[in-house]
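**Q** These protein sequence lines map, in sequence, to chains A and B.
The numbering of the first sequence is numbering that gives the first Met the number 0, which starts it at 0 and goes up by one.
The numbering of the second sequence is numbering that gives the first Met the number 0, which starts it at 0 and goes up by one.
Protein chains: 2
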Amino acid sequence: MVNTPKYDEAVLQVLDRSSRFRSCREILRDLDRSHSCATGPPSLSTIYRTVHRMSQEGVLDTIQSPEGERLYRRCGTPVRHYHLFCRVCGEVEEIAQVAEIAAVVEKIRCLSDFAQVDHTFELTGVCPRCL
Amino acid sequence: MVNTPKYDEAVLQVLDRSSRFRSCREILRDLDRSHSCATGPPSLSTIYRTVHRMSQEGVLDTIQSPEGERLYRRCGTPVRHYHLFCRVCGEVEEIAQVAEIAAVVEKIRCLSDFAQVDHTFELTGVCPRCL
DNA sequence: CGATTAGATGAAAATGATTATCAGTACCGT
DNA sequence: ACGGTACTGATAATCATTTTCATCTAATCG
Ligand SMILES: [Mn+2]
Ligand SMILES: [Mn+2]
Ligand SMILES: [Zn+2]
Ligand SMILES: [Zn+2]
C-alpha cells in the first residue's frame with residue numbers, strides 16, 4: 000500500500016468514545032468539535048469512504064436506522080454476536096451468540112426448502128440511564 | 000369521511016399476487032402493466048402515501064432493503080411472525096413465532112438492565128426455484 | 001339543487017443520504 | 001527527478017422519499 004488513510008484513527012477514536020451506532024454526519028460533527036486532527040477535519044466524502052471500507056473489512060458493524068440512514072459502530076468481537084440497543088439514546092450492549100438461536104435457525108433450515116439460510120437477530124429496549 | 004382512497008384495492012391486489020416484498024416503483028410498474036385501474040394507474044406519490052398509511056395501520060409489513068429501499072408486503076397474520084426470504088428473487092415464506100426465540104429474548108431481558116425489550120428476527124436464504 | 005368542504009390526487013420541487021467524478025496532492029520505490 | 005498509486009476534497013449526480021400546492025371528487029348541508 001502506497002499510502003495509509005489519514006483519518007482511520009480519528010474515525011475509530013470517535014466511534015470508541017461511545018457504544019452507540021453513529022452516522023457519517025455525526026462522526027464529522029464530533030471530529031469538527033474535538034479538533035483532534037492536526038490538519039483539520041476530513042471531508043464528509045472521506046468519512047463515507049472510510050466507514051464503508053472498514054465495515055467491509057469487518058472492523059465496523061453496520062445497521063440501517065428505521066429512517067434509512069446507515070449507522071456504524073466499532074465491532075467489539077469478530078465472532079457472531081447480537082446487539083441490544085436503546086431506542087432512546089442509541090446506547091448498545093453486545094450480546095454473545097446464543098445457542099438456542101442457532102438451533103432455531105437450523106430447525107427452520109431443515110423444515111423449509113430454502114438453502115444457505117442466514118439470519119439477523121437484533122434487540123431494542125430502553126437503557127437504565129434513559130428510564 | 001368525505002372521500003375514500005381510490006387505489007387501496009389495486010395496491011393490495013398487486014401485493015397479493017406475490018409473496019415478495021415490493022418497492023413502490025415495482026408496485027407502480029405492475030399497476031401500469033395490468034391495466035387493472037379503470038381510470039389509469041395512480042401516481043407514484045399516491046403509492047407512497049398508500050403504503051405508508053397501510054403499514055401504519057398494520058396492514059402491510061415493511062422492511063428496509065440492504066440498498067436502503069423500503070419494501071412492503073401484505074401482512075398475512077396479525078400475530079407475531081418472522082420472514083424467511085430469498086436473497087435472489089425476494090420470495091417470502093412466513094415463519095410462525097417460535098417459542099425458543101421468545102425464551103431467549105426473555106432471558107436477555109432478565110440478564111440485562113434494559114427495559115421494554117423488543118426484538119427482530121429475520122431469515123434470508125435461497126429459495127428452491129432459485130437454486 | 002348549488003354551495004361548502006374535507007380528503008384525495010398528481011405534477012413538480014425539495015430534501016437528504018449516498019455515490020460518482022475528477023483534479024490535485026502525498027507517498028513510494030525506481 | 002520520474003512514474004505509479006492511493007487518498008483527499010469539492011462538486012455534481014443519483015435515487016428514494018417527502019413536501020408543496022393547485023386541482024379534483026364526492027359527501028354533506030342549507
Ligand atoms: Mn458488534
Ligand atoms: Mn408478515
Ligand atoms: Zn438510553
Ligand atoms: Zn428465489
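All residues carry an ideal CB built from backbone N, CA and C; glycine is no exception.
Note that the structure is a prediction, hence the values are computed from the model and not measured.
Determine the burial state of Val97 of chain B: buried for a count of at least 16 other Cβ atoms within 10 Å of its Cβ, exposed for fewer.
**A** Here residue 97 of chain B refers to the residue found at position 98 when the second sequence is read from its first residue. By the neighbour-count rule (16 or more Cβ atoms within 10 Å), Val97 of chain B is buried.
**Q** Taking all protein chains shown into account, do 16 or more other C-beta atoms lie within 10 angstroms of the C-beta of Glu66 of chain A, making it buried, or fewer, making it exposed?
**A** As a first step, residue 66 of chain A is located in the first sequence; it is residue number 67 there, counting from the start. Exposed is the call here.
**Q** When you get a sec, list the residues whose CB is within less than 6 Å of any heavy atom of ligand 3, chain order please.
**A** Result: A:Cys85, A:Val87, A:Cys88, A:Glu90, A:Cys126, A:Arg128 and A:Cys129.
**Q** By the 10 Å Cβ neighbour count, where 16 or more other Cβ atoms means buried, how is Val10 of chain B classified, buried or exposed?
**A** Against the second sequence, residue 10 of chain B aligns to sequence position 11. The residue in question, Val10 of chain B, is buried, as its Cβ has 16 or more Cβ neighbours within 10 Å.
**Q** As a quick exercise: from A:Pro127, A:Thr76, A:Gln55 and A:Ile94, pick the residue whose alpha carbon is nearest that of His118 of chain B.
**A** On the second sequence, position 119 is the one that residue 118 of chain B refers to. When each option's Cα is compared against that of His118 of chain B, the closest is A:Ile94.
**Q** Note down, in chain order, all residues in the stretch 110-130 of chain B with a beta-carbon under 8 Å from any beta-carbon belonging to chain A.
**A** Listed by position along the chain: Ser111, Asp112, Phe113, Ala114, Gln115, Val116, Asp117, His118, Thr119, Phe120, Glu121, Leu122, Thr123, Gly124, Val125, Cys126, Pro127 and Leu130.
**Q** Return yes when the C-beta of Gly75 of chain A is under 7 Å from any heavy atom of ligand 1, and no when it is not.
**A** Taking the first residue of the first sequence as position 1, residue 75 of chain A is located at position 76. Within the cutoff, so yes.
**Q** Quick one: does the C-beta of His80 of chain A sit closer than 7 Å to a heavy atom of ligand 6?
**A** Absent from the structure shown: ligand 6. Ligands present: ligand 1, ligand 2, ligand 3 and ligand 4.
**Q** Taking Cβ-Cβ distances below 7 Å as the criterion, which residues of the stretch 46-62 of chain A are in contact with chain B?
**A** Within the stretch 46-62 of chain A, no residue has a Cβ that lies closer than 7 Å to any Cβ of chain B.
**Q** For Thr49 of chain A versus Tyr81 of chain A, is the C-beta spacing smaller than 8 Å?
**A** Walking along the first sequence from the start, residue 49 of chain A turns up at place 50. Walking along the first sequence from the start, residue 81 of chain A turns up at place 82. In this structure, Tyr81 of chain A does not lie closer than 8 Å to Thr49 of chain A by Cβ.
**Q** Do the CB positions of Leu30 of chain A and Val58 of chain A come within less than 8 Å of each other?
**A** The residue labelled residue 30 of chain A in the question sits at position 31 within the first sequence. The residue labelled residue 58 of chain A in the question sits at position 59 within the first sequence. Contact flag unset, no.
**Q** Could you tell me whether the stretch 122-130 of chain B touches the stretch 102-114 of chain A, using the rule of 3 or more Cβ pairs below 8 Å?
**A** The answer is yes - the stretch 102-114 of chain A touches the stretch 122-130 of chain B, with three or more Cβ pairs under 8 Å.
**Q** By the criterion of Cβ-Cβ separation under 8 Å, what are the contact partners of Ala102 of chain A in chain B?
**A** The residue you call residue 102 of chain A lines up with position 103 of the first sequence. What Ala102 of chain A touches in chain B: Glu99.
**Q** Name, please, each residue of chain B whose Cβ falls closer than 7 Å to the Cβ of Leu14 of chain A.
**A** By one-based count along the first sequence, residue 14 of chain A stands at place 15. Those within 7 Å of Leu14 of chain A in chain B number zero; the least Cβ separation is about 21 Å.
**Q** Can you tell which of B:Phe20, B:Cys36 and B:Glu8 has its C-alpha closest to the C-alpha of Gly89 of chain B?
**A** By 1-based counting over the second sequence, the position of residue 89 of chain B is 90. Per the Cα distances, B:Phe20.
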